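Colleague: Here it is: the structure, laid out below.
In the numbering used here, the protein residues as written are 2 to 175.
In structure tokens, the structure reads:
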């Protein structure tokens, strides 16, 4: 059976949840291995037919470890059929949920030497009760500025699962 490597750079877990959904869509066609790229894993790239990286945005930025991982593994990534997606709360708004409309994807394309053929953006989730005080207050401030939910008792999942399913199909077809 073919094998797909699913790497994540996740903070609150929504990116991993999206990757698990993609993994279930690939079942039967691919054996998937889910790996935290923050651990800077040493990988046997020859084992994998495809690579997918999912990364979350935190306070307007992708994790620096993501860029370090890409730089350290650039030739291997470039040799594989590959895809990338980022997860952020801004993508809850129409027009901000596409690679062309996302400031974060534009920034990724500018900063990353790796430019996979398939890219997308998904809205994340807001889990106020799970956040520490500092994060909750900062996220409330950002959400207030952007017209989003500020009730600290709410948990809202903005992810469009139909879009994730469509992306899974496109990734499978690479």
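All C-beta atoms, glycine included, are put in the ideal place defined by N, C-alpha and C. None of the values given here were measured: they were computed from a predicted structure.
1. Is residue 156 helix, strand or coil by DSSP?
2. Which partner residues does residue 59 have in the DSSP bridge list?
3. So does the region 50-58 actually touch the region 73-89, counting three or more Cβ pairs closer than 8 Å?
4. Taking the C-alpha atoms as reference points, what is the distance between residue 93 and residue 157?
5. Which whole runs of the beta strand (DSSP E) in the region 57-116 are 3 residues long or more, in chain order?
6. Identify, in the order they occur along the chain, each residue of the same chain with its Cβ nearer than 7 Å to the Cβ of residue 128, setting aside the five sequence neighbours on each side.
7. When burial is assigned at 16 or more other CB atoms within 10 Å of the CB, is residue 106 buried or exposed?
8. I'd like the list of long-range same chain contacts for residue 166, defined as Cβ closer than 8 Å, with 5 residues on each side in sequence excluded.
9. Nearest-angstrom Cα distance between residue 45 and residue 3?
10. Is the beta carbon of residue 66 closer than 9 Å to that of residue 10?
11. Whose C-beta lies closer than 8 Å to the C-beta of residue 36 among residues of the same chain, with five residues either side of it excluded?
12. Would you mind reading off the limits of the alpha helix (DSSP H) that contains residue 1?
13. For residue 34, which residues does DSSP report across the bridge?
14. At which residues does the alpha helix (DSSP H) containing residue 136 begin and terminate?
15. With 16 as the cutoff for other CB atoms within 10 Å, does residue 111 come out buried or exposed?
16. Alpha carbons only, please: which of 69, 153, 18 is nearest the one belonging to residue 131?
17. Can you tell me whether residue 20 is helix, strand or coil according to DSSP?
18. In or out: residue 114 buried (at least 16 other Cβ within 10 Å) or exposed?
Modeller: So, from the data block:
1. The sequence position of residue 156 within the chain shown is 155, counting from 1. In the structure shown, residue 156 sits in a strand (DSSP, three-state: E or B).
2. One-based indexing of the chain shown puts residue 59 at position 58. Its beta-bridge partners are 62.
3. yes
4. Counting from one through the chain shown, the residue named residue 93 turns up at place 92. Counting from one through the chain shown, the residue named residue 157 turns up at place 156. Their Cα atoms are separated by approximately 11 Å.
5. 82-89
6. The residue given as residue 128 occupies position 127 in the chain shown. Once the five neighbours on either side are set aside, the close Cβ partners of residue 128 are 13, 156.
7. Position 105 of the chain shown, counted from the start, is the residue given in the question as residue 106. Buried.
8. Taking the chain shown and counting its residues from 1, one reaches residue 166 at position 165. If we look at residue 166 and ignore the five residues flanking it on each side, its Cβ neighbours are 22, 26.
9. Here the question's residue 45 lines up with position 44 in the chain shown. Here the question's residue 3 lines up with position 2 in the chain shown. Distance between the alpha carbons of residue 45 and residue 3 is about 14 Å.
10. Residue 10 sits at position 9 when you count from the first residue of the chain shown. Residue 66 sits at position 65 when you count from the first residue of the chain shown. Cβ atoms of residue 10 and residue 66: closer than 9 Å.
11. As a position in the chain shown, residue 36 is number 35, starting the count at 1. Excluding positions up to five away in sequence, the list reads 6, 7, 8, 9, 42, 44.
12. Residue 1 cannot be examined here, being either before or after the span of the chain that is shown, 2 to 175.
13. Indexing the chain shown from 1 puts residue 34 at position 33. DSSP output for residue 34 lists 6 as bridge partner(s).
14. For the purposes of this step, residue 136 is identified with residue 135 of the chain shown, where counting begins at 1. 134-146 is the extent of the alpha helix (DSSP H) around residue 136.
15. Locating residue 111 in the chain shown gives position 110, counting from the first residue. So residue 111 counts as exposed.
16. In the chain shown, counting from the first residue as 1, residue 131 sits at position 130. Measuring from the Cα of residue 131, the nearest candidate turns out to be 153.
17. Along the chain shown, read from residue 1 onward, the residue named residue 20 stands at position 19. Residue state, collapsed to three classes: helix.
18. As a position in the chain shown, residue 114 is number 113, starting the count at 1. Exposed, by the Cβ-count rule.
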